Amino acid sequence: MSQPVLVIAEVRAGKIRQVTLEALQGARLAAGDSAEISAVIIGSGITGLAGELASYTSGKVYAVDHPELVSYNAPAYLHAVKGIVEELQPSRVFLGHTAEGRDLAPGIAALIGAGQISDVISIESGELYKRPIYAGKAFEEKRFLSSSGVVTVRPNNIPPATLAETAGEVVDRSYTAPVDLRSIVRDVVRKAGGKVDLAEAKIVISGGRGVKSADGFKPLDELADVLGAAVGASRGACDAGYCDYALQIGQTGKVVTPEVYIACGISGAIQHLAGMSQSRVIIAINKDAEAPIFKVADYGIVGDLFEVVPLLTEEFRKV
Ligand code: FAD
Numbered sequence: 643m644s645q646p647v648l649v650i651a652e653v654r655a656g657k658i659r660q661v662t663l664e665a666l667q668g669a670r671l672a673a674g675d676s677a678e679i680s681a682v683i684i685g686s687g688i689t690g691l692a693g694e695l696a697s698y699t700s701g702k703v704y705a706v707d708h709p710e711l712v713s714y715n716a717p718a719y720l721h722a723v724k725g726i727v728e729e730l731q732p733s734r735v736f737l738g739h740t741a742e743g744r745d746l747a748p749g750i751a752a753l754i755g756a757g758q759i760s761d762v763i764s765i766e767s768g769e770l771y772k773r774p775i776y777a778g779k780a781f782e783e784k785r786f787l788s789s790s791g792v793v794t795v796r797p798n799n800i801p802p803a804t805l806a807e808t809a810g811e812v813v814d815r816s817y818t819a820p821v822d823l824r825s826i827v828r829d830v831v832r833k834a835g836g837k838v839d840l841a842e843a844k845i846v847i848s849g850g851r852g853v854k855s856a857d858g859f860k861p862l863d864e865l866a867d868v869l870g871a872a873v874g875a876s877r878g879a880c881d882a883g884y885c886d887y888a889l890q891i892g893q894t895g896k897v898v899t900p901e902v903y904i905a906c907g908i909s910g911a912i913q914h915l916a917g918m919s920q921s922r923v924i925i926a927i928n929k930d931a932e933a934p935i936f937k938v939a940d941y942g943i944v945g946d947l948f949e950v951v952p953l954l955t956e957e958f959r960k961v
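In terms of our numbering, the sequence shown has 728 at position 86, counting the first letter as 1, and numbering is strictly consecutive.
Right, dumping it as structure tokens:
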């Protein structure tokens, strides 16, 4: 690729998200080791993070630092990258397939007149992009026919980039919001979430309607603490009011690909499988031996989750 390759970084809670490093590695796989990969980082007070990001790529890291960019805002963030993509005319732009990346990617594709391949889980030689379709039941492989393209990569599938031999250069870019995009952020209030980011967690423990109440999540929380895992849920559990919809995994919730997924009291509806069936190892705990979740599980425990989960916690505490 003769034109530059660009990665749009994502920042959450003052840290570069892991999926940004995975997007960076995706860009390397697509463009080749010798290609210069640049990155854009947007936010407020991100100078230190820009320097950190520069240690992963020998290309330039464009830092757009402005108080109005403290939290994600689609038109403002698009405006922040506009000048950079118009100037560089990148052949490829990589983002994480996250709420932010999914929102921003089509806008960037429109800016540079590029096609887009979303939710990529691997990149084979010859720039062949693999992505799941039909709620994870099949895969398709795609190629760009156009000279420019935008790619979003699903978290936890492509290994993260390692440190570059030579750190890149940080380039500060100014930002002036057009009058109609000006906003004043008075406060950013985040919902209390688990300690581990669900989308990027290596282990996810999910509860379904089988947990029976909000208190029924407590044994799952305890196991999650011991394993350093994130807690998720089925829509059944969310609809019943046992937990927040932010935890929902599935077709209309988050898509996760952890190394280990532990489904507790979840029947295994197709819409739930759409969000977790690509997990590397699936463990199901359900008192109904006929529950469909056992068809996708690598390990199944037929039993009452309120007996099984505390036993697991006790055993893992000993390790
Ligand atoms: P249930 O199906 O009620 O299963 C509960 C399970 O718990 C049962 O298998 C039962 O045997 C077991 N159980 C009960 N007590 C215990 C116990 N003490 N110990 C062990 N096991 C026990 N669902 C999602 O999850 N995510 C989505 O994104 C999603 N999107 C949807 C989109 C659409 C358009 C539609 C129509 C549906 C969607 N659904 C989604 C809903 C989905 O179809 C199911 O209704 C939902 O996943 C069921 O949740 P559940 O497995 O927790 O509940």
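Note that CB positions come from ideal geometry on N, CA and C, so glycine has one too. Predicted, not measured: the structure shown is a model, and the values here were computed from it.
Per the contact definition of three or more C-beta pairs closer than 8 Å, is the region 762-769 in contact with the region 804-824?
Flag = no, the region 804-824 and the region 762-769 do not touch.
Ordered along the chain, which non-local residues of its own chain (more than five positions away) have a Cβ less than 7 Å from that of Ile997?
For the chain, the structure presents residues 643 to 961; residue 997 sits outside this window and is missing.
Run through the region 680-748 for me and flag every whole alpha helix (DSSP H) of 4 or more residues, listed as ranges in chain order.
Entirely contained in the region 680-748, the alpha helix (DSSP H) runs reaching 4 residues are, in chain order, 689-696 and 716-730.
Please classify Ile650: is it buried, with 16 or more other beta-carbons within 10 angstroms of its beta-carbon, or exposed?
What you label residue 650 is simply residue 8 of the sequence shown in a count that begins at 1. Here Ile650 is buried, its C-beta having at least 16 other C-beta atoms within 10 Å.
Answer yes if the region 727-739 comes into contact with the region 774-792, meaning at least three C-beta pairs across the two stretches below 8 Å, and no otherwise.
Contact between the region 774-792 and the region 727-739 is established, with three or more Cβ pairs separated by less than 8 Å.
To which residues of the same chain is Val706 closer than 6 Å at the C-beta, ignoring the five residues directly before and after it?
On the sequence shown, position 64 is the one that residue 706 refers to. For Val706, where only same-chain residues beyond five positions count, the Cβ hits under 6 Å are Ile684, Ala722, Arg815 and Tyr817.
Gly858 to Gln890 span [Cα, whole Å]
Indexing the sequence shown from 1 puts residue 858 at position 216. Indexing the sequence shown from 1 puts residue 890 at position 248. Near 16 Å, if we compare the C-alpha coordinates of Gln890 and Gly858.
Contact test: Ser855 Cβ vs ligand 1 heavy atom, cutoff 7 Å:
Mapped onto the sequence shown, residue 855 falls at position 213. Flag unset: Cβ of Ser855 not near ligand 1.
According to DSSP, which residues form a beta bridge with Glu783?
Counted from its first residue, the sequence shown places residue 783 at position 141. Paired residues: Lys772.
Where does the unbroken alpha helix (DSSP H) through Val897 begin, and where does it stop?
Taking the sequence shown and counting its residues from 1, the one referred to as residue 897 is at position 255. Here Val897 belongs to no alpha helix (DSSP H), and DSSP marks it neither H nor E.
With DSSP collapsed to three states, give me the class of Thr818.
Mapped onto the sequence shown, residue 818 falls at position 176. Shown here, Thr818 sits in coil according to DSSP, grouped into three states, outside any helix or strand.
Output the boundary residues of the beta strand (DSSP E) element that contains Cys906.
Taking the first residue of the sequence shown as 1, we reach residue 906 at position 264. It spans Val902 to Cys906 - the beta strand (DSSP E) in which Cys906 sits, taken as one unbroken run.
Can you tell me whether Gly942 sits near ligand 3, meaning its C-beta is under 7 Å from at least one heavy atom of the ligand?
Annotation note on ligand 3: not contained in the displayed structure, which lists ligand 1 as its ligands.
Give the range of the beta strand (DSSP E) segment to which Asp829 is assigned.
As a first step, residue 829 is located in the sequence shown; it is residue number 187 there, counting from the start. In this chain, Asp829 is not harboured by any beta strand (DSSP E), its DSSP state being neither H nor E.
Specify, as a first and last residue, the run of the alpha helix (DSSP H) that Leu840 falls within.
On the sequence shown, residue 840 is found 198 positions in, with the first residue counted as 1. Careful: Leu840 lies outside any alpha helix (DSSP H) and carries neither H nor E.
Pick helix, strand or coil for Val762, following the three-state DSSP scheme.
The residue given as residue 762 occupies position 120 in the sequence shown. Under the three-state reduction of DSSP output, Val762 falls in the strand class.
Give every residue of the same chain whose Cβ lies closer than 6 Å to the Cβ of Pro774, excluding the five residues on either side of it in the sequence, and list them in chain order.
Within the sequence shown, residue 774 is the residue found at index 132, counting from 1. Counting only Cβ-Cβ distances below 6 Å, and skipping sequence neighbours, we find Phe781.
Enclosing alpha helix (DSSP H) for Ile935 [first to last residue]:
As a first step, residue 935 is located in the sequence shown; it is residue number 293 there, counting from the start. DSSP places Ile935 in the uninterrupted alpha helix (DSSP H) bounded by Ile935 to Val938.
Measure how close the beta-carbons of Ile847 and Ala871 come, nearest whole angstrom, since I'm counting them as under 8 Å.
Here residue 847 is taken as the residue at index 205 of the sequence shown, counted from 1. Here residue 871 is taken as the residue at index 229 of the sequence shown, counted from 1. Yes, Ile847 and Ala871 are in contact; Cβ-Cβ is about 5 Å, under 8 Å.
Should Gln890 be listed as close to ligand 1, given that the test is whether its C-beta is under 7 Å from any heavy atom?
Here residue 890 is taken as the residue at index 248 of the sequence shown, counted from 1. Gln890 Cβ: within cutoff of ligand 1.
Please name the residue in Gln893, Ile943 and Ala931 whose C-alpha comes closest to that of Gln920.
In the sequence shown, the residue the question calls residue 920 occupies position 278. Distance check between Gln920 and each of Gln893, Ile943 and Ala931 places Gln893 closest, using alpha-carbon atoms only.
Could you check if Thr689 is buried or exposed, using at least 16 other CB atoms within 10 Å of its CB as the buried criterion?
To locate residue 689, count along the sequence shown from 1; it is residue 47. Exposed: under 16 other Cβ atoms inside 10 Å.
Let me confirm a value: Glu811 is counted as buried when at least 16 other C-beta atoms fall within 10 Å, else exposed. Which label applies?
Start at 1 with the first residue of the sequence shown, and residue 811 comes out as number 169. With fewer than 16 other Cβ atoms within 10 Å, it is exposed.
Are at least three pairs of beta-carbons, each pair with one atom in the region 878-885 and one in the region 924-936, less than 8 Å apart?
The region 878-885 is not in contact with the region 924-936.
Nearest-angstrom Cα separation, counted from Glu694 out to Glu728
Along the sequence shown, one-based indexing puts residue 728 at 86. Along the sequence shown, one-based indexing puts residue 694 at 52. Answer to the nearest angstrom: the Cα atoms are 25 Å apart.
Secondary structure of Leu947, DSSP reduced to three states:
Residue numbering aside, residue 947 sits at position 305 when the sequence shown is read from its first letter. When DSSP states are grouped into helix, strand and coil, Leu947 belongs to the helix group.
Across which residues does DSSP place Arg654 in a beta bridge pair?
The residue you call residue 654 lines up with position 12 of the sequence shown. According to DSSP, residue pairing for Arg654 in a beta bridge involves Lys657.
Taking its Cβ as the centre, do 16 or more other Cβ atoms sit within 10 Å of Arg967, making it buried, or is it exposed?
Here the chain covers residues 643 to 961 and nothing more, so residue 967 does not appear.
Since Ile912 is in the alpha helix (DSSP H), which residue starts that stretch and which ends it?
On the sequence shown, residue 912 is found 270 positions in, with the first residue counted as 1. DSSP places Ile912 inside the alpha helix (DSSP H), whose first and last residues are Ile912 to Met918.
Please determine if the region 711-722 and the region 740-751 are in contact, where contact requires at least 3 C-beta pairs separated by less than 8 Å.
Output reads yes: the region 740-751 touches the region 711-722.
Span of the beta strand (DSSP E) holding Ala926?
Counted from its first residue, the sequence shown places residue 926 at position 284. Going by DSSP, Ala926 is part of the beta strand (DSSP E) stretching over Val923 to Asn928.
In three-state DSSP terms, what is Thr662?
The residue you call residue 662 lines up with position 20 of the sequence shown. Reduced to three states, the DSSP call for Thr662 is helix.
Close beta carbons around Tyr698, own chain, < 7 Å, minus the five adjacent residues each side:
In the sequence shown, residue 698 corresponds to position 56, counting from 1. Only Leu663, Leu666, Ala803, Leu805 and Ala806 meet the Cβ criterion.
If I'm right that Ala672 touches Glu769 with Cβ under 8 Å, what's the distance once you round it to whole angstroms?
Within the sequence shown, the letter at position 30 stands for residue 672. Within the sequence shown, the letter at position 127 stands for residue 769. Indeed, because the Cβ distance is near 5 Å, the residues count as touching under 8 Å.
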